[in-house]
Amino acid sequence: MSNAVLGGIGLTHLRVYQDRPGPDGVHAGCAHIHALTPEAYFGISGEGAIELHDLQSGYRRLPIVKGTFVQFQPGSLHRSVSTDHLEVLAIMGNGGLAERGDARIYFGEEVDNRPAEYERLRNLVSSGMDGAMQRRDASAVAYGELMDLWRTDKTTYFAELKRFYEVHRTSITVKISLFRNAIEAGPVAAGWKALSNLEALSRATSLIEPGAAWSNINEAPVVLGMCGELRQIEKLDFV
6 MSNAVLGGIG
16 LTHLRVYQDR
26 PGPDGVHAGC
36 AHIHALTPEA
46 YFGISGEGAI
56 ELHDLQSGYR
66 RLPIVKGTFV
76 QFQPGSLHRS
86 VSTDHLEVLA
96 IMGNGGLAER
106 GDARIYFGEE
116 VDNRPAEYER
126 LRNLVSSGMD
136 GAMQRRDASA
146 VAYGELMDLW
156 RTDKTTYFAE
166 LKRFYEVHRT
176 SITVKISLFR
186 NAIEAGPVAA
196 GWKALSNLEA
206 LSRATSLIEP
216 GAAWSNINEA
226 PVVLGMCGEL
236 RQIEKLDFV
(Lines of atoms letter the chains of each structure in order from A and count residues from 1; the text may use other names and numbers.)
(Lines give C-alpha, C1' and ligand atoms only; values in the text may rest on other atoms or scores of the structure.)
Protein backbone atom coordinates (compact mmCIF):
# COMPACT_ATOMS: atom_id res chain seq x y z
CA MET A 1 0.00 0.00 0.00
CA SER A 2 1.23 3.47 -0.87
CA ASN A 3 0.95 6.62 1.21
CA ALA A 4 1.48 8.85 -1.82
CA VAL A 5 -1.31 11.08 -3.14
CA LEU A 6 -3.35 9.24 -5.77
CA GLY A 7 -2.18 9.37 -9.37
CA GLY A 8 1.35 10.35 -8.40
CA ILE A 9 0.47 14.05 -8.23
CA GLY A 10 1.51 16.73 -5.78
CA LEU A 11 -1.03 18.81 -3.83
CA THR A 12 -0.36 22.10 -2.07
CA HIS A 13 -2.56 24.64 -0.32
CA LEU A 14 -1.19 27.94 -1.63
CA ARG A 15 -1.84 31.34 -0.11
CA VAL A 16 -0.39 33.89 -2.55
CA TYR A 17 1.85 36.45 -0.84
CA GLN A 18 -0.30 39.24 0.56
CA ASP A 19 1.93 40.79 3.24
CA ARG A 20 2.94 43.74 1.09
CA PRO A 21 2.95 44.60 -2.62
CA GLY A 22 6.08 44.39 -4.72
CA PRO A 23 7.83 47.33 -6.39
CA ASP A 24 5.22 47.13 -9.16
CA GLY A 25 2.40 47.63 -6.65
CA VAL A 26 1.18 44.04 -7.08
CA HIS A 27 0.68 41.34 -4.46
CA ALA A 28 2.30 38.38 -6.19
CA GLY A 29 4.81 35.58 -6.08
CA CYS A 30 8.01 35.14 -8.07
CA ALA A 31 7.68 34.52 -11.79
CA HIS A 32 9.22 31.12 -12.52
CA ILE A 33 9.25 28.23 -14.97
CA HIS A 34 9.18 24.41 -14.91
CA ALA A 35 10.87 22.32 -17.59
CA LEU A 36 9.04 19.04 -16.89
CA THR A 37 6.12 19.58 -14.58
CA PRO A 38 2.58 20.64 -15.54
CA GLU A 39 0.57 22.50 -12.92
CA ALA A 40 -3.02 23.50 -12.19
CA TYR A 41 -4.76 25.87 -9.79
CA PHE A 42 -8.22 25.39 -8.29
CA GLY A 43 -9.53 28.52 -6.60
CA ILE A 44 -10.49 28.05 -2.94
CA SER A 45 -11.15 31.62 -1.81
CA GLY A 46 -10.33 35.22 -2.62
CA GLU A 47 -9.55 36.63 -6.04
CA GLY A 48 -6.49 36.90 -8.22
CA ALA A 49 -4.97 35.63 -11.43
CA ILE A 50 -2.27 33.54 -12.99
CA GLU A 51 -0.08 35.34 -15.51
CA LEU A 52 1.37 33.06 -18.19
CA HIS A 53 4.07 33.52 -20.81
CA ASP A 54 4.90 30.90 -23.44
CA LEU A 55 6.59 30.77 -26.82
CA GLN A 56 3.33 30.10 -28.69
CA SER A 57 0.88 32.60 -27.19
CA GLY A 58 3.07 35.12 -25.40
CA TYR A 59 1.42 36.79 -22.41
CA ARG A 60 -1.97 35.87 -20.97
CA ARG A 61 -3.62 36.78 -17.67
CA LEU A 62 -6.30 34.35 -16.47
CA PRO A 63 -8.55 35.44 -13.57
CA ILE A 64 -8.99 33.06 -10.63
CA VAL A 65 -11.86 33.10 -8.15
CA LYS A 66 -13.43 30.39 -5.99
CA GLY A 67 -14.15 27.39 -8.23
CA THR A 68 -11.90 28.44 -11.13
CA PHE A 69 -9.66 25.71 -12.54
CA VAL A 70 -6.63 26.67 -14.63
CA GLN A 71 -4.10 24.18 -16.01
CA PHE A 72 -0.87 24.94 -17.85
CA GLN A 73 2.01 23.04 -19.36
CA PRO A 74 5.71 23.03 -18.45
CA GLY A 75 7.66 25.65 -20.34
CA SER A 76 5.23 28.39 -19.26
CA LEU A 77 6.74 31.23 -17.27
CA HIS A 78 4.07 31.96 -14.67
CA ARG A 79 3.33 34.34 -11.82
CA SER A 80 0.58 34.06 -9.20
CA VAL A 81 -1.21 37.33 -8.40
CA SER A 82 -3.54 38.12 -5.51
CA THR A 83 -6.00 40.99 -5.80
CA ASP A 84 -7.97 39.93 -2.71
CA HIS A 85 -6.33 37.27 -0.51
CA LEU A 86 -6.21 34.52 -3.14
CA GLU A 87 -5.90 30.93 -1.93
CA VAL A 88 -5.76 27.97 -4.30
CA LEU A 89 -5.20 24.25 -4.34
CA ALA A 90 -2.10 23.81 -6.49
CA ILE A 91 -1.97 20.49 -8.31
CA MET A 92 1.35 19.41 -9.81
CA GLY A 93 2.28 16.55 -12.06
CA ASN A 94 5.28 14.34 -11.37
CA GLY A 95 4.57 14.21 -7.66
CA GLY A 96 5.29 17.91 -7.26
CA LEU A 97 8.70 17.72 -8.91
CA ALA A 98 8.80 21.49 -9.40
CA GLU A 99 9.34 21.87 -5.65
CA ARG A 100 12.34 19.50 -5.87
CA GLY A 101 14.46 21.19 -8.49
CA ASP A 102 12.35 21.54 -11.64
CA ALA A 103 11.84 25.28 -11.25
CA ARG A 104 13.83 28.44 -11.91
CA ILE A 105 12.90 31.93 -10.75
CA TYR A 106 13.03 34.75 -13.28
CA PHE A 107 15.53 37.43 -12.23
CA GLY A 108 16.54 38.50 -15.75
CA GLU A 109 19.53 37.84 -17.99
CA GLU A 110 22.11 39.74 -15.94
CA VAL A 111 21.48 37.54 -12.90
CA ASP A 112 21.38 34.36 -15.01
CA ASN A 113 24.87 35.24 -16.22
CA ARG A 114 26.07 35.37 -12.59
CA PRO A 115 25.31 31.98 -11.00
CA ALA A 116 26.49 33.05 -7.55
CA GLU A 117 24.11 36.01 -7.58
CA TYR A 118 21.24 33.80 -8.74
CA GLU A 119 21.87 31.44 -5.82
CA ARG A 120 22.08 34.36 -3.39
CA LEU A 121 18.71 35.70 -4.51
CA ARG A 122 17.11 32.26 -4.61
CA ASN A 123 18.20 31.54 -1.05
CA LEU A 124 17.02 34.84 0.45
CA VAL A 125 13.92 32.98 1.60
CA SER A 126 16.03 31.14 4.19
CA SER A 127 15.83 34.26 6.38
CA GLY A 128 12.04 34.10 6.60
CA MET A 129 9.21 36.25 5.27
CA ASP A 130 11.35 39.36 4.86
CA GLY A 131 13.77 37.37 2.71
CA ALA A 132 10.88 35.91 0.72
CA MET A 133 9.65 39.43 0.02
CA GLN A 134 13.12 40.59 -1.02
CA ARG A 135 13.37 37.65 -3.42
CA ARG A 136 9.91 38.38 -4.82
CA ASP A 137 10.83 42.06 -5.27
CA ALA A 138 13.99 41.19 -7.22
CA SER A 139 11.95 38.94 -9.48
CA ALA A 140 9.24 41.62 -9.88
CA VAL A 141 11.76 44.16 -11.18
CA ALA A 142 12.98 41.76 -13.87
CA TYR A 143 9.40 40.72 -14.62
CA GLY A 144 8.43 44.34 -15.18
CA GLU A 145 11.18 44.64 -17.78
CA LEU A 146 9.86 41.49 -19.50
CA MET A 147 6.36 43.00 -19.59
CA ASP A 148 7.80 46.17 -21.13
CA LEU A 149 9.24 44.00 -23.92
CA TRP A 150 5.83 42.36 -24.44
CA ARG A 151 4.27 45.78 -24.93
CA THR A 152 7.01 47.33 -27.08
CA ASP A 153 9.16 44.68 -28.77
CA LYS A 154 7.59 41.25 -29.32
CA THR A 155 10.64 39.87 -31.13
CA THR A 156 12.96 40.60 -28.22
CA TYR A 157 10.28 39.41 -25.77
CA PHE A 158 10.05 35.96 -27.37
CA ALA A 159 13.85 35.76 -27.66
CA GLU A 160 14.11 36.46 -23.92
CA LEU A 161 11.56 33.76 -23.09
CA LYS A 162 13.47 31.26 -25.20
CA ARG A 163 16.77 32.26 -23.60
CA PHE A 164 15.38 31.80 -20.11
CA TYR A 165 13.89 28.39 -20.88
CA GLU A 166 17.23 27.23 -22.30
CA VAL A 167 19.08 28.47 -19.20
CA HIS A 168 16.75 26.40 -17.01
CA ARG A 169 16.87 23.34 -19.26
CA THR A 170 20.65 23.22 -19.37
CA SER A 171 21.01 23.92 -15.64
CA ILE A 172 18.95 20.87 -14.62
CA THR A 173 20.39 18.23 -16.97
CA VAL A 174 22.60 17.10 -14.07
CA LYS A 175 19.40 16.17 -12.20
CA ILE A 176 17.94 13.88 -14.88
CA SER A 177 18.62 10.69 -12.89
CA LEU A 178 17.07 12.20 -9.76
CA PHE A 179 14.03 13.34 -11.72
CA ARG A 180 13.68 9.95 -13.41
CA ASN A 181 13.59 8.21 -10.03
CA ALA A 182 10.93 10.61 -8.76
CA ILE A 183 8.77 10.18 -11.87
CA GLU A 184 9.08 6.39 -11.79
CA ALA A 185 8.15 6.31 -8.09
CA GLY A 186 5.21 8.69 -8.61
CA PRO A 187 3.11 8.86 -11.79
CA VAL A 188 4.70 5.83 -13.47
CA ALA A 189 4.09 3.62 -10.44
CA ALA A 190 0.52 4.93 -10.22
CA GLY A 191 -0.02 4.06 -13.88
CA TRP A 192 1.29 0.52 -13.44
CA LYS A 193 -0.96 0.09 -10.38
CA ALA A 194 -3.99 1.19 -12.41
CA LEU A 195 -3.12 -1.30 -15.18
CA SER A 196 -2.65 -4.04 -12.58
CA ASN A 197 -6.12 -3.34 -11.21
CA LEU A 198 -7.51 -3.45 -14.75
CA GLU A 199 -5.96 -6.86 -15.40
CA ALA A 200 -7.35 -8.12 -12.08
CA LEU A 201 -10.90 -7.61 -13.37
CA SER A 202 -10.56 -10.76 -15.47
CA ARG A 203 -9.39 -12.88 -12.54
CA ALA A 204 -11.17 -14.14 -9.45
CA THR A 205 -9.02 -12.01 -7.20
CA SER A 206 -9.85 -8.96 -5.17
CA LEU A 207 -8.48 -5.69 -6.49
CA ILE A 208 -9.51 -3.92 -3.33
CA GLU A 209 -7.00 -3.28 -0.57
CA PRO A 210 -9.01 -3.99 2.62
CA GLY A 211 -9.38 -0.97 4.84
CA ALA A 212 -7.17 1.10 2.58
CA ALA A 213 -7.67 4.73 3.58
CA TRP A 214 -5.22 7.56 4.17
CA SER A 215 -5.39 11.08 5.53
CA ASN A 216 -3.04 14.00 6.18
CA ILE A 217 -3.64 13.76 9.92
CA ASN A 218 -0.33 15.42 10.65
CA GLU A 219 -0.39 18.66 8.67
CA ALA A 220 2.83 19.74 7.05
CA PRO A 221 4.35 23.04 8.24
CA VAL A 222 3.92 26.20 6.18
CA VAL A 223 6.79 26.74 3.75
CA LEU A 224 7.64 30.05 2.06
CA GLY A 225 7.61 29.14 -1.61
CA MET A 226 8.02 30.92 -4.91
CA CYS A 227 4.32 31.78 -5.20
CA GLY A 228 3.39 32.27 -1.58
CA GLU A 229 2.85 30.40 1.67
CA LEU A 230 2.65 26.68 0.97
CA ARG A 231 1.23 23.81 2.97
CA GLN A 232 2.10 20.69 1.03
CA ILE A 233 0.28 17.37 1.25
CA GLU A 234 3.26 15.05 1.01
CA LYS A 235 2.92 11.85 3.02
CA LEU A 236 -0.44 10.49 4.07
CA ASP A 237 -1.10 8.48 7.22
CA PHE A 238 -2.90 5.12 7.10
CA VAL A 239 -6.18 5.35 9.02
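According to our numbering, the sequence shown is numbered sequentially starting from 6. For each residue, glycine too, the CB sits at the ideal point set by N, CA and C. All of these numbers come straight from a predicted model, not from anything done at the bench.
Query	Result
Can the beta-carbon of L126 be found less than 8 Å from the beta-carbon of R140?	yes
Between I238 and Y46, what straight-line distance do the alpha-carbon atoms span, to the nearest angstrom?	15 Å
Whose C-beta lies closer than 8 Å to the C-beta of S87 among residues of the same chain, with five residues either side of it excluded?	V21, Y22, Q23, H32, A33, G51, E52, G53, G233
Measure the alpha-carbon distance for N99 versus D153 and round it to whole angstroms.	33 Å
Touching or not, the segment 108-127 and the segment 67-74, by the rule of three or more beta carbon pairs under 8 Å?	no
State the DSSP-derived secondary structure class of G13, mapped to helix, strand or coil.	helix
Could you say which of A205, I177, Y148 lies nearest to A40 if we only look at CA atoms?	I177
Are L60 and L151 closer than 8 Å when you measure CB to CB?	no
Mind checking who Y46 pairs with in its DSSP beta bridge?	V75, A95
On the premise that L82 lies in contact with T42, defined as a C-beta separation below 8 Å, what is that separation, rounded to the nearest angstrom?	No, T42 and L82 are not in contact; Cβ-Cβ is about 14 Å, not under 8 Å.
Strictly by DSSP, which residues pair up with E56?	R66, R84
S207 bridges to which residues according to DSSP?	According to DSSP, which records beta bridges pairwise, S207 is partnered with nothing at all.
Is DSSP giving F243 helix, strand or coil here?	strand
Counting along the chain, where does the beta strand (DSSP E) carrying G149 start and finish?	Not the beta strand (DSSP E): G149 falls in the alpha helix (DSSP H), residues 134-157.
Per the DSSP calculation, A33 is bridged to which residue(s)?	V86
Hey, would you say M134 sits closer than 8 Å to L229, going by beta carbons?	yes
Following the continuous beta strand (DSSP E) through R236, name the residue where it begins and the one where it ends.	233-238
Could you tell me the distance, in whole angstroms, from the CA atom of A218 to the CA atom of G12?	15 Å
Kindly identify the DSSP beta-bridge partner or partners of S220.	D242
Mapping the DSSP letters down to three states, classify R119 as helix, strand or coil.	coil
Among G48, I188, S220, which one has its Cα closest to the Cα of L91?	G48
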